[in-house]
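As you go down the protein sequences, you meet chains C and B in turn.
Taken in order, the first sequence gives residues 1 to 291; the numbers are from my numbering.
Taken in order, the second sequence gives residues 1 to 246; the numbers are from my numbering.
We put the CB at the ideal spot given by N, CA and C, even for glycine.
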Amino acid sequence: MNLIELLTEPLGYTFMVRALAVTVIAAILCAVLSCWLVLIGWSLMGDAVSHAVLPGVVLAYIVGAPFALGALVFGFLAVALIGAVRDTSRLKEDAAIGIVFTTLFSFGLVLISVTPSHLDLNHIIFGNLLGVSAADLWQVIILGAVTFLILILKRKDFTLYAFDSTHAHALGMNPRIIGAVLLGLLAMTSVVALQAVGVILVVAMLIIPGASAYLLTNSFGKMLVIAPALAALAGIIGVYVSYYLDASTGGMVVLSQGAIFVLIYLFSPRQGLVAHRFAVRRRRKNLQHAG
Amino acid sequence: MTLAIDVANATVHYGSLLALDKASIQLERGSVCGLVGMNGSGKSTLFKTIMGLVKPDTGSVLVNGTNPLQARKSGAIGYVPQNEAVDWDFPISVREVVMTGRYGHMGFTRRPRKADHEAVEQALARVELTEQTSRQIGQLSGGQKKRAFVARCIAQEANIMLLDEPFAGVDKRSEATITKLLREVADQGGSILISTHDLHALPNLADQAILLMRKVLMQGDPQLVLQPENLAMAFGLDPMNRGEDA
Numbered sequence: 001m002n003l004i005e006l007l008t009e010p011l012g013y014t015f016m017v018r019a020l021a022v023t024v025i026a027a028i029l030c031a032v033l034s035c036w037l038v039l040i041g042w043s044l045m046g047d048a049v050s051h052a053v054l055p056g057v058v059l060a061y062i063v064g065a066p067f068a069l070g071a072l073v074f075g076f077l078a079v080a081l082i083g084a085v086r087d088t089s090r091l092k093e094d095a096a097i098g099i100v101f102t103t104l105f106s107f108g109l110v111l112i113s114v115t116p117s118h119l120d121l122n123h124i125i126f127g128n129l130l131g132v133s134a135a136d137l138w139q140v141i142i143l144g145a146v147t148f149l150i151l152i153l154k155r156k157d158f159t160l161y162a163f164d165s166t167h168a169h170a171l172g173m174n175p176r177i178i179g180a181v182l183l184g185l186l187a188m189t190s191v192v193a194l195q196a197v198g199v200i201l202v203v204a205m206l207i208i209p210g211a212s213a214y215l216l217t218n219s220f221g222k223m224l225v226i227a228p229a230l231a232a233l234a235g236i237i238g239v240y241v242s243y244y245l246d247a248s249t250g251g252m253v254v255l256s257q258g259a260i261f262v263l264i265y266l267f268s269p270r271q272g273l274v275a276h277r278f279a280v281r282r283r284r285k286n287l288q289h290a291g
Numbered sequence: 001m002t003l004a005i006d007v008a009n010a011t012v013h014y015g016s017l018l019a020l021d022k023a024s025i026q027l028e029r030g031s032v033c034g035l036v037g038m039n040g041s042g043k044s045t046l047f048k049t050i051m052g053l054v055k056p057d058t059g060s061v062l063v064n065g066t067n068p069l070q071a072r073k074s075g076a077i078g079y080v081p082q083n084e085a086v087d088w089d090f091p092i093s094v095r096e097v098v099m100t101g102r103y104g105h106m107g108f109t110r111r112p113r114k115a116d117h118e119a120v121e122q123a124l125a126r127v128e129l130t131e132q133t134s135r136q137i138g139q140l141s142g143g144q145k146k147r148a149f150v151a152r153c154i155a156q157e158a159n160i161m162l163l164d165e166p167f168a169g170v171d172k173r174s175e176a177t178i179t180k181l182l183r184e185v186a187d188q189g190g191s192i193l194i195s196t197h198d199l200h201a202l203p204n205l206a207d208q209a210i211l212l213m214r215k216v217l218m219q220g221d222p223q224l225v226l227q228p229e230n231l232a233m234a235f236g237l238d239p240m241n242r243g244e245d246a
């Protein structure tokens with residue numbers, strides 16, 4: 001089998017084409033958002049919101065409302081509860097996050113278990129890339145496009161919010177609203193990515209690409225290009241490898257992102273571990289020569 | 001003529017902690033005023049009150065004769081943060097930081113126009129950072145960092161500038177550049193409020209000084225306010241005689 005056949009063979013199956021489409025869309029969207037999450041220090045918040053949307057999605061399913069709506073409501077509910085627990089008790093934010101999202105997530109699990117439905121728990125938790133229906137695909141495309149558009153159009157405001165929210169305030173903007181919009185977009189993105197890799201692995205797609213890009217560049221504009229490019233590449237590699245190895249697709253996608261991160265972490269020209277070691281050794285040698 | 005800043009009898013509590021006690025300050029247009037006081041004396045709280053980040057329990061705040069929100073929306077208030085408030089690893093260049101000063105002049109997507117680019121280049125030239133415009137913000141020296149944020153205020157065309165410890169960790173050359181620049185801004189009608197530990201630099205820079213200890217102990221000519229017996233009121237001793245002040 002030559003390389004072309006290797007790449008085209010899976011595309012003969014509709015489910016593989018859909019899987020690839022959903023993976024690439026979810027990967028790009030999560031990666032763009034991850035650039036801000038990593039810089040604001042909201043990685044754990046990404047974890048929390050992506051889990052906390054579960055009961056919202058299930059309830060939306062039960063009453064026949066759009067999944068995105070349920071996700072939005074519970075995404076905001078989670079953020080509000082985390083803030084409330086943090087501000088009105090002596091607990092710190094990490095404990096508040098841990099309590100709120102696990103409780104909401106468990107509520108979702110219980111709801112699924114008592115709801116007679118076609119909702120398969122495994123699919124929600126680990127994703128169901130190979131079982132994406134045409135309707136699922138359309139939902140991912142529309143939700144993804146809307147979220148992506150808002151992120152890109154208002155990217156300068158989000159970046160200013162991440163860098164210096166006091167200055168945003170001084171210019172008469174409302175940083176609270178900017179933050180709330182970003183969290184809303186996080187909830188929407190969770191719904192999209194849930195389809196691809198499931199609740200548990202969404203957080204990987206919301207952190208790894210932005211973190212990888214941050215180790216490669218000093219320009220936020222470039223991060224916004226590098227992160228989605230890496231994530232899409234990892235997504236495609238993951239889907240293909242899982243096809244040939246008959247392995248978990250969502251798992252393979254995130255594993256690929258993790259592998260790319262490791263390479264960058266080690267070999268990034270400026271921030272990489274290897275470059276640092278070399279710089280240290282060179283400095284030592286220079287000192288010895290000088291001495 | 002309306003005052004640039006008019007804080008009257010502002011009292012601020014954080015929980016049960018009294019941070020500002022019936023503080024009143026007036027800042028005239030075209031003047032530089034130094035804000036002097038110990039850590040915890042309410043300098044930051046006063047800044048936050050002027051910017052509308054903190055609402056006083058009692059008293060009133062007028063900026064350019066209007067409420068702080070209106071003043072902010074008109075782009076009148078420029079702000080230079082203290083070192084600790086900035087993420088120096090943030091992937092943003094000097095030029096991009098200064099460009100954020102122009103956001104109030106831009107539309108929905110903050111796309112810069114020719115006038116914005118020109119304002120940014122001019123501001124960078126005035127703070128003598130033309131060589132460093134593409135550097136990541138953390139790669140500047142202490143003084144250059146401060147100048148970059150001053151440039152942001154200038155690009156913003158803010159007629160009121162609030163500077164939080166602008167001389168902390170700053171070399172002599174940058175201090176001189178910033179001092180000269182702030183005097184120019186004031187001479188062109190800008191109003192500047194500076195919180196500082198650098199008492200030696202104050203008489204050259206400021207027209208007025210305020211001694212703060214939760215309440216305003218004194219407002220007046222810097223030479224007078226910085227008299228040892230007055231500083232003793234605010235600090236418990238005379239920090240100018242100690243060489244380095246803590």
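Own chain, CB closer than 6 Å to residue i, minus 5 neighbours either side, in chain order
{"i": "Leu-297 (chain C)", "result": "Residue 297 (chain C) is absent from the model: chain C starts at 1 and stops at 291."}
{"i": "Ile-97 (chain C)", "result": "Leu-44, Ala-48, Ile-82"}
{"i": "Leu-82 (chain B)", "result": "Leu is not the amino acid found at residue 82 (chain B); the sequence shown has Gln there. Around Gln-82 (chain B): Asp-164, Glu-165."}
{"i": "Ala-31 (chain C)", "result": "Pro-209, Ala-227, Pro-228, Ala-231"}
Residues that DSSP places opposite residue i in a beta bridge
{"i": "Gln-26 (chain B)", "result": "B:Asp-6"}
{"i": "Gln-219 (chain B)", "result": "B:Ile-210"}
{"i": "Met-161 (chain B)", "result": "B:Gly-78, B:Ile-192"}
{"i": "Leu-17 (chain B)", "result": "B:Tyr-14"}
{"i": "Gln-288 (chain C)", "result": "Answer by DSSP bridge pairing: none, since Gln-288 (chain C) is not bridged."}
{"i": "Thr-66 (chain B)", "result": "B:Val-63"}
{"i": "Gln-122 (chain B)", "result": "Partner(s): none; Gln-122 (chain B) has no beta bridge."}
{"i": "Ser-93 (chain B)", "result": "B:Gln-136"}
Spatial distance of residue i from residue j (CA atoms)
{"i": "Leu-185 (chain C)", "j": "Ala-168 (chain B)", "result": "39 Å"}
{"i": "Pro-66 (chain C)", "j": "Arg-283 (chain C)", "result": "59 Å"}
{"i": "Arg-111 (chain B)", "j": "Arg-176 (chain C)", "result": "22 Å"}
{"i": "Leu-109 (chain C)", "j": "Ile-99 (chain C)", "result": "16 Å"}
{"i": "Leu-215 (chain C)", "j": "Trp-88 (chain B)", "result": "15 Å"}
{"i": "Ser-34 (chain C)", "j": "Ser-174 (chain B)", "result": "37 Å"}
{"i": "Pro-222 (chain B)", "j": "Pro-228 (chain B)", "result": "12 Å"}
{"i": "Ile-152 (chain C)", "j": "Ala-125 (chain B)", "result": "31 Å"}
{"i": "Ala-246 (chain B)", "j": "Val-120 (chain B)", "result": "Residue placement at Ala-246 (chain B) cannot be trusted, given a pLDDT of 40 that sits under 50; the coordinates are not used to answer."}
{"i": "Leu-182 (chain B)", "j": "Glu-131 (chain B)", "result": "21 Å"}
{"i": "Val-295 (chain C)", "j": "Ile-178 (chain C)", "result": "The question about residue 295 (chain C) has no answer here: the residues shown for chain C are numbered 1 through 291."}
{"i": "Arg-135 (chain B)", "j": "Met-106 (chain B)", "result": "24 Å"}
{"i": "Gly-272 (chain C)", "j": "Ala-259 (chain C)", "result": "14 Å"}
{"i": "Ala-187 (chain C)", "j": "Thr-102 (chain C)", "result": "16 Å"}
{"i": "Ser-190 (chain C)", "j": "Trp-42 (chain C)", "result": "14 Å"}
{"i": "Val-274 (chain C)", "j": "Ala-162 (chain C)", "result": "29 Å"}
{"i": "Lys-154 (chain C)", "j": "Gly-144 (chain C)", "result": "16 Å"}
{"i": "Phe-235 (chain B)", "j": "Ala-95 (chain C)", "result": "40 Å"}
{"i": "Ala-78 (chain C)", "j": "Met-252 (chain C)", "result": "29 Å"}
{"i": "Ala-362 (chain C)", "j": "Phe-267 (chain C)", "result": "Since the first and last residues shown for chain C are 1 and 291, residue 362 (chain C) lies out of range."}
{"i": "Phe-126 (chain C)", "j": "Val-197 (chain C)", "result": "6 Å"}
{"i": "Asp-157 (chain C)", "j": "Asp-246 (chain C)", "result": "43 Å"}
{"i": "Ala-85 (chain B)", "j": "Leu-206 (chain C)", "result": "26 Å"}
{"i": "Gly-261 (chain C)", "j": "Ala-158 (chain B)", "result": "Gly is not the amino acid found at residue 261 (chain C); the sequence shown has Phe there. In a straight line, the C-alpha of Phe-261 (chain C) is about 43 Å away from that of Ala-158 (chain B)."}
{"i": "Ser-89 (chain C)", "j": "Gly-75 (chain C)", "result": "21 Å"}
{"i": "Ala-71 (chain C)", "j": "Gln-139 (chain C)", "result": "14 Å"}
Continuous alpha helix (DSSP H) stretch holding residue i: start and end
{"i": "Ser-248 (chain C)", "result": "That residue, Ser-248 (chain C), is in no alpha helix (DSSP H); it is neither H nor E in DSSP."}
{"i": "Leu-91 (chain C)", "result": "Where Leu-91 (chain C) is concerned, there is no enclosing alpha helix (DSSP H), given that its DSSP letter is neither H nor E."}
{"i": "Val-197 (chain C)", "result": "175 to 214"}
{"i": "Val-368 (chain C)", "result": "Lying before the first or after the last residue shown, residue 368 (chain C) is absent from chain C, which here runs from 1 to 291."}
{"i": "Asp-187 (chain B)", "result": "172 to 187"}
{"i": "Pro-269 (chain C)", "result": "Note, Pro-269 (chain C): premise wrong, no alpha helix (DSSP H); not H, not E."}
{"i": "Asn-204 (chain B)", "result": "202 to 205"}
{"i": "Gly-101 (chain B)", "result": "Run containing Gly-101 (chain B): none; DSSP gives neither H nor E here."}
{"i": "Asn-122 (chain C)", "result": "121 to 126"}
{"i": "Pro-228 (chain B)", "result": "228 to 235"}
Cutoff 7 Å; reference residue i; Cβ partners in own chain excluding five residues on either side
{"i": "Phe-90 (chain B)", "result": "Ile-137"}
{"i": "Ser-31 (chain B)", "result": "Ala-186, Ser-191, Asp-207, Gln-208"}
{"i": "His-48 (chain B)", "result": "Strictly speaking, residue 48 (chain B) in this sequence is Lys, with His absent from that position. Contacts found: Val-54."}
{"i": "Gly-52 (chain B)", "result": "Pro-68, Leu-69, Arg-72"}
Residue i: first and last residue of the uninterrupted beta strand (DSSP E) it sits in
{"i": "Gly-34 (chain B)", "result": "32 to 36"}
{"i": "Gly-59 (chain B)", "result": "58 to 63"}
Proximal residues, the segment 171 to 185 of chain C versus chain B, C-beta separation under 7 Å:
Leu-171, Gly-172
Mind checking the segment 37 to 56 of chain B against chain C and listing, in chain order, the residues whose C-beta falls within less than 8 Å of any C-beta there?
Met-51, Gly-52, Leu-53
Would you list, in chain order, the members of the segment 24 to 50 of chain C that have their beta-carbon closer than 8 Å to a beta-carbon of chain B?
Leu-39
Using Cβ-Cβ distances below 7 Å, what residues of the segment 117 to 149 of chain B are close to chain C?
Gln-136
Quick one, which residues of the segment 67 to 83 of chain B are near chain C if we go by CB-CB under 9 Å, in chain order?
Leu-69, Gln-70, Ala-71, Arg-72, Lys-73, Ser-74, Gly-75, Ile-77, Gly-78, Tyr-79, Pro-81
Give me the subset of the segment 61 to 95 of chain C whose CB atoms are less than 9 Å from a CB atom of chain B, sorted by chain position.
none
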